[in-house]
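Novice: This is the structure, below, for whatever I ask next.
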Amino acid sequence: MTGPTPDTITVNGHRLWQSLMDLAEIGAYDDERTGLRGVDRLALTDADAAGRRQVIAWMEQAGLRVRIDRMGNIYGRREGTDPTAAPVLTGSHIDSVATAGAFDGCLGVLGGIEVVRILDERGISTRRPVEIGVFTEEEGVRFGTDMLGSAVAAGRLSPEYAHALTDRDGRTLGGELIRTGFHGPADVHLDPPYAYVECHIEQGPVLAENDVQVGVVTGVQGISWQEITIHGRAAHAGTTPTHLRADAGLAAARIGVHLRSMVDSGAYGELRATVGHLAVHPDLTNIVPARAELTVDLRNPDDARMARAEEDLTAFLRTLEDGTPGLTLATRRMAKTAYIPFDERLQKVIAQAADDHGLEHISLLSGAGHDAQEIAALCPTAMVFVRGEYDGISHNPREYSTPEACAHGVNVLATTLLRLATQ
Ligand code: GLV
Ligand code: MN
Ligand code: MN
Ligand code: MN
Numbered sequence: 001m002t003g004p005t006p007d008t009i010t011v012n013g014h015r016l017w018q019s020l021m022d023l024a025e026i027g028a029y030d031d032e033r034t035g036l037r038g039v040d041r042l043a044l045t046d047a048d049a050a051g052r053r054q055v056i057a058w059m060e061q062a063g064l065r066v067r068i069d070r071m072g073n074i075y076g077r078r079e080g081t082d083p084t085a086a087p088v089l090t091g092s093h094i095d096s097v098a099t100a101g102a103f104d105g106c107l108g109v110l111g112g113i114e115v116v117r118i119l120d121e122r123g124i125s126t127r128r129p130v131e132i133g134v135f136t137e138e139e140g141v142r143f144g145t146d147m148l149g150s151a152v153a154a155g156r157l158s159p160e161y162a163h164a165l166t167d168r169d170g171r172t173l174g175g176e177l178i179r180t181g182f183h184g185p186a187d188v189h190l191d192p193p194y195a196y197v198e199c200h201i202e203q204g205p206v207l208a209e210n211d212v213q214v215g216v217v218t219g220v221q222g223i224s225w226q227e228i229t230i231h232g233r234a235a236h237a238g239t240t241p242t243h244l245r246a247d248a249g250l251a252a253a254r255i256g257v258h259l260r261s262m263v264d265s266g267a268y269g270e271l272r273a274t275v276g277h278l279a280v281h282p283d284l285t286n287i288v289p290a291r292a293e294l295t296v297d298l299r300n301p302d303d304a305r306m307a308r309a310e311e312d313l314t315a316f317l318r319t320l321e322d323g324t325p326g327l328t329l330a331t332r333r334m335a336k337t338a339y340i341p342f343d344e345r346l347q348k349v350i351a352q353a354a355d356d357h358g359l360e361h362i363s364l365l366s367g368a369g370h371d372a373q374e375i376a377a378l379c380p381t382a383m384v385f386v387r388g389e390y391d392g393i394s395h396n397p398r399e400y401s402t403p404e405a406c407a408h409g410v411n412v413l414a415t416t417l418l419r420l421a422t423q
């Protein structure tokens, strides 16, 4: 320690921004529809592996000791002065959806590295270690279960379950960990940290609507993912009378419409419902679809209403089956998480840090899923949200937060981590 511990920490916003832009070049693609440059870095693809190597290089340049566990989760550790003290953990993910921008997840990881750089430059040591976690397959879009790496680290899911998951081409997550060189030796079960604080873009419009830069996150709403497979009967489009059809495509369309009417009814509170994947087979103009596969993503901050929505969807699927001879429906659970409230004391520490940086803030619930909701099982956890532009659009190349907004969020993260690490 070269002097008294400063009360607030201001990071190098330019360097943070440069690292966000540099990482976004890995897996970059030109989006034909928007004309924008997007990011496609699905978990454990070659692009994700290249992104991981870049992040590890930055961690090592920042003097962090890096370890990789059997799930490919990466941790970079800056030691504290007390070897017995549990670390303060921050982090997020760098895997992306196929139509991503530069910020989702990356801000939390690169923000954490920027905090460590600033602590070093300012000659600040902390009692507790500061660790940065980079969690595998947060998005869940390649292997079908979201927040996967953090869920295994927190002990909610087993590594065996995770390793056996397959992508659409039948490749296993375990095999892809080995292929990319990220099946590490470290123990996958994370020792409880002292606290976990994650900085993430909001991915929604609330901060902009309230004209504030920073959000203190109160919790994450519940998420339910399932896959529905409908088996019908292939038949000639011109000759097969309507009453003789078992049309799997029509049933899939009805499910989509029914979900929307469930949402519109208001009977399930703040329910959101999305059919994000839909495929029909044999997928030809003049054949009644023999099979359809679709995914259903439900979100709800109220677990009881979520349960009722799931039950009512199941009942609707039975009605479809009973109403059409030759049609069968099967469901497969992909992922399910309950509403997770965040730690109130940590929320106050974050709000105080925002105040001390002169930033207006509001408290809000997260609409998106985050690694923080899994780590919350291990230790007091909370999140800092950063405002997005264009209604906070995300999972889209248009996703954008200004350099100033990113720096504000990471300043709040830095001051919060410093205060926790000196406790
Ligand atoms: C992941 O970003 C999710 O919330 O689905
Ligand atoms: Mn994310
Ligand atoms: Mn995401
Ligand atoms: Mn997410």
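Just so you know, full-length UniProt numbering puts the end of the sequence shown at 423, numbered straight through with nothing missing.
C-beta: ideal position from N, C-alpha, C; glycine also.
Under 8 Å by Cβ, that's how I've got G13 and G204 pegged, so tell me the actual separation to the nearest angstrom.
Specialist: About 23 Å; that fails the 8 Å criterion.
Novice: Measuring alpha carbon to alpha carbon, tell me which of S96, V130, R308 ends up nearest A417.
Specialist: The residue you asked about is not Ala; residue 417 is Leu in the sequence shown. For the residues S96, V130, R308, the minimum Cα distance to L417 belongs to V130.
Novice: Listed by chain order, which residues have C-beta atoms less than 6 Å from any heavy atom of ligand 1?
Specialist: Any residue whose Cβ sits closer than 6 Å to a heavy atom of ligand 1 makes the list: E139, D146, A368, G369.
Novice: Considering only the alpha carbon of each residue, which of I74, S125, E60 lies closest to E138?
Specialist: Selected option, being the one with the closest Cα: I74.
Novice: Taking the continuous alpha helix (DSSP H) assigned at L298, which residues delimit it?
Specialist: That residue, L298, is in no alpha helix (DSSP H); its beta strand (DSSP E) goes 291-300.
Novice: What does a CB cutoff of less than 7 Å around P289 pick up in its chain, not counting 5 residues either side in sequence?
Specialist: Closer than 7 Å at the Cβ level, and outside the excluded window around P289, lie G232, D247, A248, G249, V280, H281.
Novice: Closer than 7 Å: is that where the CB of H200 sits relative to any heavy atom of ligand 2?
Specialist: At least one heavy atom of ligand 2 is nearer than 7 Å to the Cβ of H200, so yes.
Novice: For Q236, write down the residues that DSSP places opposite it in a beta bridge.
Specialist: Just to set this straight, residue 236 is His in the shown sequence, not Gln. For H236, which the question treats as bridged, DSSP gives the partners I287.
Novice: If we require 4 or more residues per run, which alpha helix (DSSP H) segments fall completely within the stretch 37-95?
Specialist: DSSP runs (the alpha helix (DSSP H)) wholly in the stretch 37-95: 46-61.
Novice: Can you have a look at M1 and say buried or exposed, based on whether 16 or more other CB atoms are within 10 angstroms of its CB?
Specialist: The predicted model places M1 with a pLDDT of 42, which falls under 50 and marks its position as unreliable, so this point remains unresolved.
Novice: Quick one: give me the first and last residue of the beta strand (DSSP E) that I362 is part of.
Specialist: First-last of the beta strand (DSSP E) with I362: 361-366.
Novice: How long is the line joining the alpha carbons of V217 and C199, rounded to whole angstroms?
Specialist: V217 and C199: Cα-Cα distance of roughly 10 Å.
Novice: Going along the chain, which residues put their C-beta within less than 5 Å of some heavy atom in ligand 2?
Specialist: This selection yields D104, G105.
Novice: When you measure from the CB of H277 to every non-hydrogen atom of ligand 3, does any distance come out below 7 Å?
Specialist: Answer for H277: no, Cβ out of range of ligand 3.
Novice: Determine, using beta carbons only, whether A24 and V39 come nearer to each other than 8 Å.
Specialist: In contact: A24 and V39 (Cβ atoms closer than 8 Å).
Novice: Within 10 angstroms of its Cβ, does residue 424 collect 16 or more other Cβ (buried), or is it exposed?
Specialist: One cannot answer for residue 424 here, as it falls past the ends of the chain, which runs 1 to 423.
Novice: Ordered along the chain, which non-local residues of its own chain (more than five positions away) have a Cβ less than 6 Å from that of D302?
Specialist: Contacts found: G269.
Novice: Can you list, in chain order, the residues of its chain with a C-beta nearer than 8 Å to that of N286? Leave out the 5 residues immediately preceding and following it.
Specialist: If we look at N286 and ignore the five residues flanking it on each side, its Cβ neighbours are H236, A237, G238.
Novice: I need the straight-line Cα distance from V214 to E311, nearest angstrom please.
Specialist: If I take the Cα positions, the gap works out to 37 Å.
Novice: For the candidate residues A338, E399, T172, whose alpha-carbon lies nearest to that of G219?
Specialist: Here the closest residue by C-alpha is A338.
Novice: Only counting the same chain, and skipping five residues up and downstream in sequence, which positions put a Cβ closer than 8 Å to that of M334?
Specialist: Contacts found: G140, G144, T145, W225, Q226, E227, T295.
Novice: Which stretch, first to last residue, makes up the beta strand (DSSP E) that contains R272?
Specialist: First-last of the beta strand (DSSP E) with R272: 272-274.
Novice: For G256, collect the residues of the same chain with a Cβ closer than 6 Å to its Cβ; drop the 5 residues on either side in sequence, then sort them by chain order.
Specialist: Counting only Cβ-Cβ distances below 6 Å, and skipping sequence neighbours, we find V275.
Novice: Quick check on M21: buried or exposed, where buried means 16 or more other Cβ atoms within 10 Å of its Cβ?
Specialist: M21 should be labelled exposed.
Novice: So is the beta-carbon of V217 under 7 Å away from any non-hydrogen atom of ligand 3?
Specialist: No, the beta carbon of V217 sits no closer than 7 Å to any heavy atom of ligand 3.
Novice: Counting only the same chain and skipping the five closest in sequence on each side, list residues whose C-beta sits under 8 Å from that of P397.
Specialist: Result list for P397: D31, T34, L36, R37, G38, V39, T99, A100, G101, in chain order.
Novice: Measuring only from the beta carbon, is E97 closer than 7 Å to any heavy atom that is part of ligand 3?
Specialist: Checking the sequence, you will find Val at residue 97 rather than Glu. Checking every heavy atom of ligand 3 against the Cβ of V97, one is found closer than 7 Å.
Novice: Considering only their Cβ atoms, is the gap separating G184 from T136 smaller than 8 Å?
Specialist: Not in contact: T136 and G184 (Cβ atoms no closer than 8 Å).
Novice: Can you find at least 3 beta carbon pairs, one from the stretch 172-190 and one from the stretch 113-124, that sit closer than 8 Å?
Specialist: The stretch 172-190 is not in contact with the stretch 113-124.
Novice: Whole angstroms are fine: how far does the CA of F342 sit from the CA of L42?
Specialist: Taking the straight line joining both Cα atoms gives about 28 Å.
Novice: Restricting to runs no shorter than 4 residues, where is the alpha helix (DSSP H) found entirely within the stretch 170-231?
Specialist: Segments of the alpha helix (DSSP H) lying fully in the stretch 170-231: 173-180, 206-209.
Novice: Check whether the Cβ atoms of T126 and G80 sit closer than 8 Å, and answer yes or no.
Specialist: Yes, the pair counts as a contact, with Cβ atoms nearer than the cut-off.
Novice: Between the stretch 342-357 and the stretch 370-385, are three or more C-beta pairs nearer than 8 Å?
Specialist: Contact holds: three or more Cβ-Cβ distances are below 8 Å.
Novice: Hey, C406 and L16 are a contact pair by Cβ (cut 8 Å); roughly how many whole angstroms apart?
Specialist: Right, the Cβ-Cβ distance comes to about 6 Å (below 8 Å), so this counts as a contact.
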